[in-house]
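J.: After the structure tokens below, expect a handful of questions from me.
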Amino acid sequence: MKHTFNEIEKIYQKPIFELIETAYAIQKNNFEADIELCHLVSVKTGGCPEDCGYCSQSNKNHTELKLNALLPIEEIERQTIIAKQNGVKRVCLGGAYKSPPTSAIDKASEYIKVIKKHGLETCITFGSLNQEQAQQLKTAGLDYYNHNIDTSPEHYGNVITTRTFQERIDTIDNVGKAGLKVCCGGILGMGETQQDRISFIKALTDLPFVPDSIPINMLVKIKGTPLEKVEDLDKFELIRTIATVRILFPKTRVRLSAGRLKLTELEQSMCFMSGANSIFFGEKLLTTPNNTENNDLSLLKKLGISANA
Ligand code: SAM
Ligand code: DTB
Ligand code: SF4
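This is the structure in structure tokens:
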């Protein structure tokens, strides 16, 4: 559903307990009290021609990174088996591409097959897709495609110059038209204003397809990137964003994605209370560390929340 900026701002700026209370009530009406676990694998790391200011994998940034070409299928199967044993529901594959070459789409089709063989859902994030590529992935059995708008249309140009905001919307349109589920969110803490965060949420409500999954990342500051020294995000802004997204997208899984290592258990718990009900589970994100499995299992136990598998 479309919403005006003012409507969204009104929700975002409610007194915080009222905001959380509303978000939590919506969460309870639409979901079990569970958390979805997704396992992330970087299947092709680094060497990307885009200039995303936050990213360790851009050629334009001066980061220390071990590059790897497309991983062998056996490695995907190995990680899938472990993920399944751990109660993971979906395996998400990341590739550092502006847009994937045919060889990557072909390989992805093999990855999808092996993950599905073990009964898990699949998600891929390989950059821009045209209609034909999206259709090919759908035919291969892909469930979700992740492509983020990253930030507000207004702040976008300060972070990325090699791909336009509209190009991202076009990819999401192609993904939705192919019958794939859309996973689309962004990153907080990239020097944006509160108005930008509200505008980012509005842009999510304006997408051509309602996302089934919204990842909310908190910037992982990476040495050698333009955003290395940006000011820390005020965590209350993270809570407000998650709660507002929950209210506007009652049936969508909201993933507390990158940046959890910088949150205390209580801060993460507040995010879950405000509407986040999905996380990346596993010690590594794409190129940076994530919370350990043991720490996450122990937190879920303390909260009395089970994994959704
Ligand atoms: N290359 C593909 C693309 O950009 O569409 C897929 C991989 S890319 C790494 C996927 C998403 O991860 C980005 O759109 C961004 O939202 C998120 N991301 C990347 N680096 C991040 C960082 N340092 N902190 C937080 N989120 C990050
Ligand atoms: C998303 O929104 N977050 C994930 C996933 N989609 C592919 C990526 C997070 C990357 C964090 C930084 C890194 O590990 O390189
Ligand atoms: Fe490339 Fe994706 Fe990183 Fe941007 S976010 S530089 S497109 S890998």
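Going by numbering that gives the first Met the number 0, the sequence shown opens with residue 0, and the numbers climb by one from there.
For every residue, glycine included, the Cβ atom is placed at its ideal position computed from N, Cα and C.
1) Do residue 180 and residue 149 have their C-beta atoms closer together than 7 Å?
2) Starting from residue 215, trace the beta strand (DSSP E) in both directions and tell me its first and last residue.
3) Check whether the Cβ of residue 47 lies closer than 6 Å to any heavy atom of ligand 3, and answer yes or no.
4) Leaving out five residues before and five after residue 249 in sequence, what residues of the same chain have Cβ atoms less than 6 Å from its Cβ?
5) With a CB to CB cut of under 7 Å and the five nearest residues on each side skipped, what residues in its chain are close to residue 175?
6) If you drop the 5 nearest sequence neighbours on each side, which residues of the same chain put their C-beta closer than 8 Å to that of residue 218?
7) Which residues does DSSP list as the beta-bridge partners of residue 279?
8) Ordered along the chain, which non-local residues of its own chain (more than five positions away) have a Cβ less than 6 Å from that of residue 45?
9) Taking 7 Å as the threshold (C-beta atoms), are residue 90 and residue 70 in contact?
10) Which first and last residues belong to the beta strand (DSSP E) in which residue 253 is found?
11) Heavy atom of ligand 1 less than 6 Å from the Cβ of residue 110, yes or no?
12) Here's a check: name, in chain order, each residue in its chain whose Cβ is nearer than 8 Å to the Cβ of residue 241, leaving out the five neighbours to either side.
13) List the residues that DSSP assigns as beta-bridge partners of residue 149.
14) Take the Cβ of residue 38 as the centre, count every other Cβ of all protein chains shown within 10 Å, and call the residue buried at 16 or more, exposed below.
15) In terms of alpha-carbon separation, which member of 194, 138 and 201 lies closest to residue 183?
16) Could you check the C-alpha separation between residue 4 and residue 195 for me, to the nearest Å?
17) State the Cα-Cα distance for the pair residue 126 and residue 281, rounded to the nearest angstrom.
18) In terms of DSSP beta bridges, what is residue 91 paired with?
19) For the alpha helix (DSSP H) that residue 293 lies in, which residues bound it at each end?
20) Just curious, the beta strand (DSSP E) that residue 102 is in, first and last residue?
21) Here's a check: name, in chain order, each residue in its chain whose Cβ is nearer than 8 Å to the Cβ of residue 134, leaving out the five neighbours to either side.
22) Do residue 140 and residue 111 have their CB atoms nearer than 7 Å?
23) For ligand 1, any of its heavy atoms closer than 6 Å to the Cβ of residue 181?
24) Rounded to the nearest angstrom, what separates residue 205 and residue 1 at their Cα positions?
25) What's the gap between the Cα of residue 77 and the Cα of residue 155?
26) What do you reckon, is the C-beta of residue 165 under 6 Å from a heavy atom of ligand 3?
27) Here's a check: name, in chain order, each residue in its chain whose Cβ is nearer than 8 Å to the Cβ of residue 160, leaving out the five neighbours to either side.
28) Which whole-angstrom value describes the C-beta separation of residue 224 and residue 60, a residue pair presumed to lie in contact below a C-beta threshold of 8 Å?
29) Take the Cβ of residue 27 as the centre, count every other Cβ of all protein chains shown within 10 Å, and call the residue buried at 16 or more, exposed below.
30) Could you check if residue 197 is buried or exposed, using at least 16 other CB atoms within 10 Å of its CB as the buried criterion?
T.: Quick look at the numbers:
1) no
2) 212 to 217
3) yes
4) 25 and 29
5) 181, 207 and 208
6) 53, 186, 187, 188, 189, 226, 229, 232, 257 and 258
7) 37
8) 56, 64, 66 and 95
9) no
10) From DSSP, the beta strand (DSSP E) with residue 253 extends over 252 to 255.
11) no
12) 22, 215, 253, 255, 270, 273, 274 and 275.
13) 185
14) buried
15) Here the closest residue by C-alpha is 201.
16) For residue 4 and residue 195, the distance between alpha carbons rounds to 11 Å.
17) 23 Å
18) 39 and 122
19) 292 to 302
20) Residue 102 -> not in any beta strand (DSSP E); alpha helix (DSSP H) instead, spanning 101 to 116.
21) 177
22) yes
23) no
24) 6 Å
25) 37 Å
26) Not under cutoff, so the answer is no.
27) Apart from sequence neighbours up to five positions away, the residues of its chain that approach residue 160 with a beta-carbon distance below 8 Å are 50, ordered along the chain.
28) 5 Å
29) Counting the other Cβ atoms within 10 Å of the Cβ of residue 27 gives fewer than 16, which makes it exposed.
30) buried
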